[in-house]
Amino acid sequence: MISFLLCILHSEKIFSQTDSSYLRTEEILEDILQEPVGDIDESDLYDQLEQLLLNPVNLNTATIEQLIQIPSIDISTAELIVNHRKKYGYFFSVNELNLVENLDKELIKNISPFLYIEQKPEQTEQPQEDIKSITSRSNILFRSRVINSLQTNSGFLSEKFEGTKPKIYNRLLIKYGNQFQAGYLADKDAGESSVNEFSTYHIALNDISFVRQAVIMDYILEFGQGLTFWTPYAYSKGADAIVPVRRTDRILRPYTSSTENNFFRGAAAAFNLSDFILSGFYSNNYFDASIDSVTGKITSTPNDGLHRTPNEIRKRKAASEKIFGGRLDYRFSNFLQLGVIYSRSYFSNEFQPSGFYDISGDNFSFSAASYNILFDKFNFRGEFSYNGISVASINLFQFLISNNFTFITSIRSYPRNFYSLHGYAFGERNGATSNEFGIYAGFKWRTQIGLINFYYDQFKFPYATYFNPAPTQGDEYLIDFLSKPVRKFEIRARYKYENKDLTQLIDNSKSIVKRLRQVFRGELIYTISNQIRLRGRFEYNTFRIAETGSDENGYLIFQDVRYSPTNNFNLYGRIIFFRTDSFSSAIYEYENNLTGVLTNVPLFNEGIRWYLMLRYRAFNLLTISAKYSETYKPAEKSLGSGEKQIQGNLDNILSVQVDLNL
69 MISFLLCILH
79 SEKIFSQTDS
89 SYLRTEEILE
99 DILQEPVGDI
109 DESDLYDQLE
119 QLLLNPVNLN
129 TATIEQLIQI
139 PSIDISTAEL
149 IVNHRKKYGY
159 FFSVNELNLV
169 ENLDKELIKN
179 ISPFLYIEQK
189 PEQTEQPQED
199 IKSITSRSNI
209 LFRSRVINSL
219 QTNSGFLSEK
229 FEGTKPKIYN
239 RLLIKYGNQF
249 QAGYLADKDA
259 GESSVNEFST
269 YHIALNDISF
279 VRQAVIMDYI
289 LEFGQGLTFW
299 TPYAYSKGAD
309 AIVPVRRTDR
319 ILRPYTSSTE
329 NNFFRGAAAA
339 FNLSDFILSG
349 FYSNNYFDAS
359 IDSVTGKITS
369 TPNDGLHRTP
379 NEIRKRKAAS
389 EKIFGGRLDY
399 RFSNFLQLGV
409 IYSRSYFSNE
419 FQPSGFYDIS
429 GDNFSFSAAS
439 YNILFDKFNF
449 RGEFSYNGIS
459 VASINLFQFL
469 ISNNFTFITS
479 IRSYPRNFYS
489 LHGYAFGERN
499 GATSNEFGIY
509 AGFKWRTQIG
519 LINFYYDQFK
529 FPYATYFNPA
539 PTQGDEYLID
549 FLSKPVRKFE
559 IRARYKYENK
569 DLTQLIDNSK
579 SIVKRLRQVF
589 RGELIYTISN
599 QIRLRGRFEY
609 NTFRIAETGS
619 DENGYLIFQD
629 VRYSPTNNFN
639 LYGRIIFFRT
649 DSFSSAIYEY
659 ENNLTGVLTN
669 VPLFNEGIRW
679 YLMLRYRAFN
689 LLTISAKYSE
699 TYKPAEKSLG
709 SGEKQIQGNL
719 DNILSVQVDL
729 NL
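Numbering (this note's numbering), first residue to last: 69 to 730.
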């Protein structure tokens with residue numbers, strides 16, 4: 069009985085943090101996610117932030133490199149925190165960040181959920197591993213979610229899908245402080261037959277004696293700037309000019325995502341050896357593939373994770389990869405970090421190339437080196453990766469002109485004959501580290517009137533590809549201004565310009581044309597009280613191709629409200645009016661969703677979308693969330709295409725989630 073009461077008292081602290089963390093996480097992600105991130109499920113990016121929430125950084129021991137793993141923290145902010153700690157001693161509360169000179173108050177609110185305070189060892193009596201100490205450091209987190217479309221699409225009507233309509237997600241995590249974590253996840257997509265069609269599990273240890281990290285079963289690797297190894301998801305260019313470009317690797321992490329590809333299954337570990345970190349890894353994992361029935365070669369590797377039809381099920385886990393490797397890092401204080409890595413992969417089947425520079429063969433090796441130099445106000449970091457054929461590289465330079473002004477620039481060079489099996493580096497095509505050269509420059513400037521983010525990116529694809537018959541190029545820039553002119557009011561203005569080469573069919577032949585896209589956005593947020601917040605937005609989008617005479621535009625208007633009458637109840641609502649000439653001028657609208665789910669909806673043609681969402685926390689142990697969303701296009705007779713097509717002009721979805729925290 070005593071143990072149960074202790075769990076309740078402990079969970080109350082956790083849930084109060086979780087409520088504020090949820091709101092801050094939503095705001096951070098909206099700044100970063102302005103465009104779709106490739107073909108991946110963007111909810112994986114939420115998992116990345118949630119892992120940071122579950123494993124917060126100790127404010128009293130964190131290095132600059134550990135602090136900048138947190139979104140919104142740049143090197144300038146990290147240095148302010150570390151220098152304050154050196155001068156005045158340990159923090160006794162995260163709220164003491166308000167005493168750090170020149171540290172922005174709004175930024176403190178954003179980063180606080182990712183930080184915690186642990187007593188200094190000399191102030192702590194010898195711990196007694198009794199029931200109280202164990203329960204105070206232990207957590208059991210269970211999440212169950214069901215997402216169900218209330219309309220029936222053609223895949224079900226034609227009985228092509230072998231499973232049921234609901235998308236079901238279940239996850240269990242068991243944690244003991246930051247030292248131990250065990251987890252299991254089961255996921256089923258709409259149309260699949262089994263509730264554990266995809267499952268992943270792990271046991272992870274952290275900072276136990278000389279063992280820095282160790283994971284058994286499912287894990288992911290991160291190295292340098294993502295050329296050789298990275299998670300199967302990463303941030304794209306957005307309103308934050310710094311975060312998407314700069315990568316800070318964490319060597320290895322347990323895999324907790326529902327994305328069904330590009331993770332490792334086996335074992336990996338990293339060991340502290342004085343100023344060195346020695347790591348090793350092994351994996352034997354299956355993946356989806358299309359296999360040529362005659363040659364037995366891999367012709368494609370689907371990455372959508374869908375297994376609804378007989379054809380999709382036939383591709384499920386059709387091939388496998390064995391990979392092993394090692395890594396060595398040298399770290400000299402905060403000044404210098406160097407790393408080298410080597411890996412060797414063996415596939416069950418050879419790859420069949422579809423083009424001259426496509427991947428071929430069944431075994432591959434990669435060698436890479438990374439560096440990170442932090443000297444006063446200057447930071448240099450980068451990676452060089454060799455795939456046995458050519459060398460790809462990305463190098464960046466960050467300069468803290470002042471505590472309020474940060475400048476960053478990077479140069480990326482990915483040769484046409486370079487390929488990466490498990491990388492996800494920064495670039496125009498989000499992770500496609502081949503046939504691209506680009507130069508990026510941006511800055512973040514905190515002024516007396518507001519925060520300004522700006523970036524300019526120029527890129528080219530020097531050789532023809534399957535989609536483009538000739539070399540292509542383009543450039544884009546974005547400026548974002550955020551200000552709080554008076555108390556309770558926040559205004560935001562944004563302009564984005566894109567000018568890119570595309571392939572169009574003109575007179576029955578493929579031609580390279582210039583596509584000009586411009587986006588104008590204005591937003592007003594009014595916080596009436598601690599209980600009510602209103603937000604309105606207007607966005608205008610233009611899309612032009614001079615060679616074909618295409619001239620399109622579109623607009624979006626929305627109004628939303630967040631109502632929190634008590635600490636344990638939140639209600640969200642939004643109504644959106646939109647009109648565009650076609651999908652080419654679609655406007656992406658990021659919106660609130662259940663914890664762990666991201667929704668970045670492309671809105672096009674003409675219609676109305678609205679949603680209501682509530683979150684209720686009961687007994688300090690249980691959080692129940694529900695969302696109803698509806699998109700209505702009065703002029704349409706059907707929505708979507710192919711197996712996802714809905715007959716009619718209404719698309720509505722009901723989602724329910726339960727979170728249990730003991």
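All residues carry an ideal CB built from backbone N, CA and C; glycine is no exception.
- Contact between the segment 271-284 and the segment 466-480 is absent, with fewer than three C-beta pairs closer than 8 Å.
- Contact check for K582 and I625: beta-carbon distance about 29 Å, past the 8 Å limit, so the pair fails to qualify.
- Counting along the chain, K564 sits inside the beta strand (DSSP E) bounded by residues 557-574.
- Here the C-alpha atom of E704 lies approximately 29 Å from the C-alpha atom of G590.
- Each of F443, S652, L718 was checked against the Cα of Q572, and the nearest Cα belongs to S652.
- Distance between F529 and T324, taken at the CA atoms: about 34 Å.
- Looking at the backbone, the Cα of K445 and that of I381 are separated by about 54 Å.
- Under DSSP, P322 forms a beta bridge with Y287.
- Comparing C-alpha distances from G348 to each of D360, R412, M681 shows the shortest one belongs to R412.
- Judged by their CB atoms, F291 and A436 are nearer to each other than the 8 Å cut-off.
- In terms of Cβ geometry, Y354 and P322 do not form a close pair [threshold 8 Å].
- When DSSP reads this structure, V587 sits in a beta bridge with K564, N609.
- Counting C-beta atoms within 10 angstroms of its own C-beta, D575 has fewer than 16 neighbours from the protein chains shown and is therefore classed as exposed.
- Residue pairing by DSSP places V408 opposite L396, A437 in a beta bridge.
- Between A538 and I580, the C-beta gap is smaller than 8 Å, which places the two residues in contact.
- Under the DSSP assignment, R449 falls in the beta strand (DSSP E) whose first and last residues are 446-454.
- Beyond the five residues adjoining it in sequence on each side, T131 comes within less than 8 Å, by CB distance, of V150, N402 in the same chain, given in chain order.
- In the displayed model, R642 falls within a strand according to three-state DSSP.
- A residue is called buried once 16 or more other Cβ atoms fall within 10 Å of its Cβ, and G716, having fewer, is exposed.
- Where F224 is concerned, there is no enclosing beta strand (DSSP E), although the alpha helix (DSSP H) around it starts and stops at 222-225.
- Proximity to I179 across I136, R153, Q219 peaks at I136, based on C-alpha coordinates.
- Counting only residues of its own chain and dropping the five nearest sequence neighbours on each side, F434 has a CB closer than 6 Å to the CB of T296, S411, N455.
- Nearest Cα to T363 within the set S342, N417, R514: N417.
- The alpha-carbon separation between P378 and S222 amounts to approximately 16 Å.
- By the beta-carbon neighbour count (other beta carbons within 10 angstroms, threshold 16), R555 is exposed.
- Rounded to whole angstroms, the gap between the alpha carbons of L570 and S261 is 40 Å.
- E674 is positioned such that its CB atom lies closer than 8 Å to that of R647.
- Contact check for F522 against A309 passes: the beta carbons are separated by less than 8 Å.
- Taking a 10 Å sphere around the C-beta of S144, we find 16 or more other C-beta atoms and assign the residue as buried.
- In this chain, the alpha helix (DSSP H) harbouring Q134 covers 132-135.
- C-alpha of S361 to C-alpha of K385: approximately 16 Å in a straight line.
- Pairing I600 with Y631 gives a Cβ-Cβ distance under 8 Å.
- Contact annotation, F248 with L728: C-beta distance approximately 19 Å; criterion of less than 8 Å not satisfied.
- Scanning the segment 335-405 from its first residue to its last, the whole alpha helix (DSSP H) runs of 4-plus residues come out as 378-383.
- Y237 sits buried, since 16 or more C-beta atoms from the chains shown fall within 10 Å of its C-beta.
- The beta carbon of E118 sits closer than 6 Å to no other beta carbon from its chain once the five residues preceding and following it are set aside.
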